[in-house]
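Going line by line, the protein sequences match chains A and B.
Heads up: the first sequence begins at 4 in the working numbering, then just goes up one per residue.
Heads up: the second sequence begins at 822 in the working numbering, then just goes up one per residue.
Don't be surprised by glycine CBs; every beta carbon is placed ideally from N, CA and C.
Single-structure report; data block below.
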Amino acid sequence: MISDNASFYKKDILPVTTFAVVLLTMPFWFRYIGGYSGLDTKIVIWIIFAIGFDILLGYMGFLSFGHAAFFGTSAYFTGLMLLHYSNNILPAITVGVISAIIMAFIIGFLTLKRTGIYFSILTLAFGEMLHSMVLSTLQDWTGGDNGLTGLPTPMLFDIKMQGDNVFYLTVIVAIVMYYIARRIIGSPFGLMLKAIKSNQVRLEYTGVHVARYKLMGFVISAVYAGVAGALMIVYEPYVASEFMGWHLSGQVVIMTVLGGVGTLFGPMLGAAFMLYFENVVSVYLGAQWLLVLGAIFMATVIFLPGGFVEAGSRIKKALTGGGK
Amino acid sequence: MVNSIFLQLLTGLQLGAIYVLISLGLALIFGTLGVVNFAHGAMFMVAAYLGVVISQAEWGGWGMAIVLVPIILFGLGLLMERGLIRFFYTRPHTDQILVTFGLAIVLQEGFKWYFGANNLPFATPDWGSGIMRLHEYLPFLEGFVAYPKWRLILTAVSLITVALLFALLQFTTFGLVVRAGMRDSEMLRLLGVNISQRFAIVFALGVAIAGIAGVFGGPVTQVDPGIGMVFLVPSFLVVVIGGMGSLPGAVLASFIIGLAISFTATIPALANIIVYLIAILILLFRPRGLLGQKGVME
């Protein structure tokens, strides 16, 4: 895609600014809709995770059921760094994200040669392999079932990373990562990812080294998962073994699909919806909130494959009289 | 020495027996319909719960459970295929995975709501309880060797089910059509065979076999809402190791995995990941799986 830089920036400025304003003002309005402090941070972390997942699922067309592997690996390494090296978050997050990248190279190498279905099964399997390793083989390092406990309060040099500080840190990271995601999607590389989604065999025949692009797309999406995993530990200095489990992988799948794959905006909405649903709406539903969410998810897949974004555009269409 | 090897062999077969029943259904459904059923584990879970309920009901009993559960699951499978899956044949594969995944969540959470999250005790019937003194039948064993009777029954049932399924596919007209459908369904449709009706039956058959796994495997495993997912992942790997869509491959891979787990049981760190290690080796050196056909999902 060849376009002049000026329009390029213009295209990104409005959505990114809106995104920034909405997130930054969250502490002021979030409590009026039933949210509480802390939940907003968690939502922002999941938004980062969902953005990365959408690059893989929405743009490249690969449905991973093992993204907890990257979230979890990064979370554990961040936790271990905080515990054994220093309570400064910079080295911890760096090592966490790098570990997720390495893991993505390994798992990507093993799984990406396969087609869609095969890929989903294998990512699920490798995710579960890491989960079971964390619980048994590596439990001397990971704390097994109890998770990694006793982490010190994370610090950014002299600043204590608690409450609002964590919130603003995650928001700044989220804004930067959203902007980067938009640039990736709009770049020639992003176009290549879309080409992989529509027909990777044909792309291969045009002389493109498809495997390399797939691995790159996969690793980029793992970076987002890794950043989210690391921030989760900064937000709450405790590494739960569930961070590696398929539930977490399933959650990011659900929120991305609910919001609308391949839109970046949709999955962010889906992440916010899901966390809001889990923590606020669930009060009215009791323990059955997941049952209701599962039903909503099924209904979305069946009737509204484009998720919330499609619902929005359908409503808009209806209001403007079909737009014909 | 002979004794411990023999017992590990037996345990391996018994572990494989559950995997084979679950993964046969998966392979059957994948091979014919091209659908990856993420709700297949949930079907196993449903069957185990039905087994508990029917075997302990006043009107029921174990005989009733053995007969009824596979039949109910067959009906459930038909319902699922006709009511849900068939609308997804023309949709992308990811949508099929997503909708069956959603169904798995709904079933799991529904059962958790009704039965609670805890393990339900699933007692074996009188005729299947206790131990079998194997040394009385097998002279090469030294001293006293006993094995739980139910686990032997489970293994036998599993082997019989496999034999019956293969006989059905090999020696009946129905089986002929299904095998042809697995090879080239489009051609079959052009020849005027009502393939969708037969595929609905195949889907239900796969689910019914998971039903057999649930009712016979339930007392050996656990009966809780999460059990489906616990067995789904290794069963997927069985299908991958055996070769996607290959039924003999699924059988072979099930027993390889069962034996591998049983023989590494003394090293827990290895036993927990041995299945994945085998899968990785297969992926690296024989991507189409042990008995997979060339070109299929390679």
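Shown here, B/Y968 sits in a strand according to DSSP, grouped into three states. Below 8 Å, too few C-beta pairs join the region 107 to 121 of chain A and the region 1079 to 1088 of chain B to call them touching: fewer than three.
The alpha helix (DSSP H) runs lying completely inside the region 944 to 1028 of chain B and spanning 4 residues or more are 970 to 992 and 994 to 1011, given in chain order. Of the residues A/T152, A/W292, A/V260 and A/T76, the one whose Cα lies closest to the Cα of A/V312 is A/V260. Using a CB distance cut-off of 8 Å, B/E930 counts as an interface residue toward chain A. Cβ-Cβ separation between B/F865 and B/A1034: approximately 5 Å, consistent with a contact (criterion under 8 Å).
In this structure B/Y968 is in contact with B/L955, their Cβ atoms being roughly 6 Å apart against a cut-off of 8 Å. Taking C-beta atoms as the reference points, A/G69 and A/V242 fail to come closer than 8 Å.
DSSP lists A/L151 as the bridge partner or partners of A/V242. Identification of chain B residues near A/G297 by a Cβ-Cβ cut-off of 7 Å yields G923, I926, V927 and E930, ordered along the chain. The continuous alpha helix (DSSP H) containing B/P891 extends over residues W883 to G904. The C-alpha of A/S89 lies about 48 Å from the C-alpha of B/G1039.
Proximity of chain A to B/V1061 at the Cβ level (cut-off 8 Å) is accounted for by Y121, I124, L125 and A128, in chain order. Pairing A/L272 with A/D57 gives a Cβ-Cβ distance that is not under 8 Å.
Per the Cβ contact rule, the region 251 to 265 of chain A is not in contact with the region 98 to 108 of chain A (fewer than 3 Cβ pairs under 8 Å).
B/V1028 and B/H861 have their C-alpha atoms spaced approximately 7 Å apart.
Around the beta carbon of A/F276, a 10 Å sphere encloses 16 or more other beta carbons of the protein chains shown; the residue is thus reported as buried.
Annotation: Cβ neighbours of B/I1101 in chain A (cutoff 7 Å, chain order): L113.
Secondary structure note for A/R117: it is in no alpha helix (DSSP H), with a DSSP letter that is neither H nor E. Only buried fits B/N858, as 16 or more other CB atoms lie within 10 angstroms of its CB.
Proximity of the region 904 to 923 of chain B to the region 844 to 856 of chain B meets the contact definition, three or more beta-carbon pairs being nearer than 8 Å. Annotated as distal: B/F1052 and B/I918, with beta-carbon spacing of 8 Å or more. Less than 8 Å divides the Cβ of A/A225 from the Cβ of A/I104. Interface with chain B (8 Å Cβ-Cβ cutoff): A/G253 is included. When secondary structure is reduced to three states using DSSP, A/L206 falls in the helix class.
For B/V1023, no CB of chain A lies under 8 Å from its own CB, so it is not counted at the interface with that chain.
From the listed residues B/S1006, B/K970 and B/V1060, the smallest Cα separation to B/L831 is found for B/K970. In the displayed model, B/N1093 falls within coil according to three-state DSSP, outside both helix and strand. The three-state reading of DSSP puts B/M822 in coil, since its state is none of H, G, I, E or B.
Excluding its 5 nearest sequence neighbours in each direction, B/A1100 has C-beta neighbours in its own chain below 8 Å: L1058, V1061 and I1062, listed in chain order. Per the C-alpha coordinates, the member of B/L1009, B/G951, B/F922 and B/L1098 positioned closest to A/W249 is B/F922.
A/V304 reaches chain B at D916, L919, V920 and G923, counting residues in chain order whose Cβ is nearer than 7 Å. Interface annotation, B/F936: not in contact with chain A, CB-CB separation never under 8 Å.
The DSSP-derived three-state label of A/M158 is strand.
Taking all protein chains in view, the Cβ of B/Q929 is crowded by 16 or more other Cβ atoms within 10 Å, so the residue is classified as buried. Annotation for A/I178: A23 place their beta carbon closer than 6 Å to its own, counting only its chain and skipping 5 residues before and after.
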